[in-house]
Amino acid sequence: MKPWEANIRRVTPYVPGEQPKKSNMIKLNTNENPYGPSPAVKKAARDFDTELLRLYPDPSSELLVDALAMRYGLGRDQIFVGVGSDDVLAMSFLTFFNSGRPILFPDISYSFYSVWAELYRIPYERPALDGEFRIRKEDYYKENGGVVFPNPNAPTSLALGLADVEDIIAHNQESVVIVDEAYIDFGGESALGLLSKYENLLVVQTFSKSRSMAGLRIGFAMGNPALIKALNDVKYSFNSYTMNQTSLLLGTAAVEDEAYFQETVGKIKATRERAKERLRALGFVYPEPSANFIFVTRPGTDARTLFEALKEKDIYVRYFDAPRINQYLRVTVGTDGQMERLFEFLENYL
Ligand SMILES: *Cc1c(COP(=O)(O)O)cnc(C)c1O
1 MKPWEANIRR VTPYVPGEQP KKSNMIKLNT NENPYGPSPA VKKAARDFDT ELLRLYPDPS
61 SELLVDALAM RYGLGRDQIF VGVGSDDVLA MSFLTFFNSG RPILFPDISY SFYSVWAELY
121 RIPYERPALD GEFRIRKEDY YKENGGVVFP NPNAPTSLAL GLADVEDIIA HNQESVVIVD
181 EAYIDFGGES ALGLLSKYEN LLVVQTFSKS RSMAGLRIGF AMGNPALIKA LNDVKYSFNS
241 YTMNQTSLLL GTAAVEDEAY FQETVGKIKA TRERAKERLR ALGFVYPEPS ANFIFVTRPG
301 TDARTLFEAL KEKDIYVRYF DAPRINQYLR VTVGTDGQME RLFEFLENYL
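For reference, each letter of the sequence shown is one residue, going 1 to 350 in our numbering.
Below, the structure is given as structure tokens:
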């Protein structure tokens, strides 16, 4: 080993879902939104003045922060924006999880949490979900350095009721509790209403799923002004210009088109309800989905074999080779047409 090699920060990175480039594929593997961004976003992109790229963007992201503050009925000092919620969450780990005590998140959850904890050398424990993949709130009542969980959870799509979310926050007023609401627009109850009651609560959301802008990279956190200031202080110590000029303009256009947002979220929820029935008829079982994906298993059918067979036909879903979930597939809810192609395949295959 070379001397300098001993000092490399060694990490095992997060592995994102595949992004194959095939013209006729059915892509149900990374929870993207099948409907494009709002027409208002497309117009803002067409009208974008490239001369603006000469200048640094506004480091305080005022335009976008104000649009979000208006949309969610909060003060601008209660909103932090970042390059996707991955950036917001990573920044939050760095900012809030410094006690030396283990942070807590579920054993089956967003797999990026353990990657950030390892990267920042934050100790962590992962309380096991129960046999039905539910979060046991009592597991989060012990001493800890912070709590983070997605609601609805990923990859299970199962939502935790607001009363249980509140119990977890109420039992942890000495640490920061992060509720990762990447999928909340598709189901479950947001913890936003609890912000006025708990100063240790941070709610994180994203434009990647319900606003169909995964490619632009916008995420945001909502919390009391002291948490938001702490996040901004860390951000300005790291990179002042995380939000580029295009993100600020197109992101604001998206937030302002509430009607399109409601319409497309509604369509995905309706397709999810129809897909549940079809999957049930085909012998699949799943935890009650609240997100834009369904976590399915079928007794007697090997999940990995089915995953490979689907891929062979250019139908992409997500398979996790991990304990407890290696007989499940996570299927993103696409358009009705895309789901029909999936069902046609399954009817033949089974
Ligand atoms: C998709 C996802 C994110 C990250 O989304 P961004 O594209 O980085 O905004 C965060 N948390 C969960 C649970 C997700 O599924």
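We put the beta carbon where it would ideally sit given N, CA and C, even for glycine.
Helix, strand or coil at residue i according to DSSP, with G and I counted as helix
i           : result
residue 294 : strand
residue 128 : coil
residue 154 : coil
residue 339 : helix
residue 231 : helix
residue 216 : coil
residue 327 : coil
residue 262 : helix
residue 142 : coil
residue 88  : helix
residue 108 : coil
residue 27  : strand
residue 8   : coil
residue 198 : coil
residue 168 : helix
residue 135 : coil
residue 32  : coil
When the options are compared against residue i, the one with the closest alpha-carbon
i           : options               : result
residue 204 : 323, 322, 84 and 261  : 84
residue 101 : 210, 148, 211 and 144 : 144
residue 165 : 155, 177, 156 and 157 : 177
residue 148 : 339, 95, 254 and 103  : 103
residue 116 : 130, 131 and 92       : 92
residue 24  : 311, 319 and 142      : 311
residue 326 : 307, 282, 335 and 190 : 307
residue 27  : 97, 347, 336 and 349  : 336
residue 289 : 302, 157, 32 and 110  : 157
residue 282 : 269, 346, 323 and 319 : 346
residue 241 : 82, 94, 209 and 155   : 82
residue 239 : 58, 29, 47 and 273    : 58
residue 35  : 75, 4 and 263         : 263
residue 225 : 199, 250 and 218      : 199
residue 341 : 313, 129 and 1        : 313
residue 16  : 129, 2, 155 and 74    : 155
Backbone CA spacing between residue i and residue j [nearest angstrom]
i           : j           : result
residue 56  : residue 299 : 56 angstroms
residue 227 : residue 317 : 37 angstroms
residue 127 : residue 50  : 49 angstroms
residue 321 : residue 52  : 46 angstroms
residue 301 : residue 309 : 12 angstroms
residue 90  : residue 348 : 43 angstroms
residue 333 : residue 71  : 26 angstroms
residue 112 : residue 14  : 6 angstroms
residue 42  : residue 245 : 15 angstroms
residue 125 : residue 195 : 26 angstroms
residue 32  : residue 99  : 35 angstroms
residue 142 : residue 123 : 15 angstroms
residue 270 : residue 216 : 26 angstroms
residue 86  : residue 139 : 25 angstroms
residue 273 : residue 9   : 46 angstroms
residue 29  : residue 294 : 11 angstroms
residue 121 : residue 172 : 22 angstroms
residue 350 : residue 315 : 16 angstroms
CB contact flag (residue i, residue j, <7 angstroms)
i           : j           : result
residue 222 : residue 19  : no
residue 201 : residue 169 : yes
residue 296 : residue 329 : yes
residue 67  : residue 252 : yes
residue 107 : residue 137 : no
residue 38  : residue 183 : no
residue 152 : residue 275 : no
residue 135 : residue 160 : yes
residue 211 : residue 254 : yes
residue 96  : residue 146 : yes
residue 243 : residue 61  : yes
residue 181 : residue 190 : yes
residue 44  : residue 257 : no
residue 213 : residue 207 : yes
residue 234 : residue 94  : yes
residue 287 : residue 105 : no
residue 278 : residue 343 : yes
residue 88  : residue 76  : no
Residues that DSSP places opposite residue i in a beta bridge
i           : result
residue 46  : The partner list for residue 46 (beta bridge, DSSP) is empty, contrary to what the question assumes.
residue 285 : 297
residue 149 : 179
residue 80  : 221
residue 205 : 220
residue 332 : 293
residue 318 : 330
residue 103 : 124
Would you list the residues whose beta-carbon is nearer than 5 angstroms to any heavy atom of ligand 3, in the order they occur in the chain? As for ligand 3, it is missing from this structure, which binds only ligand 1.
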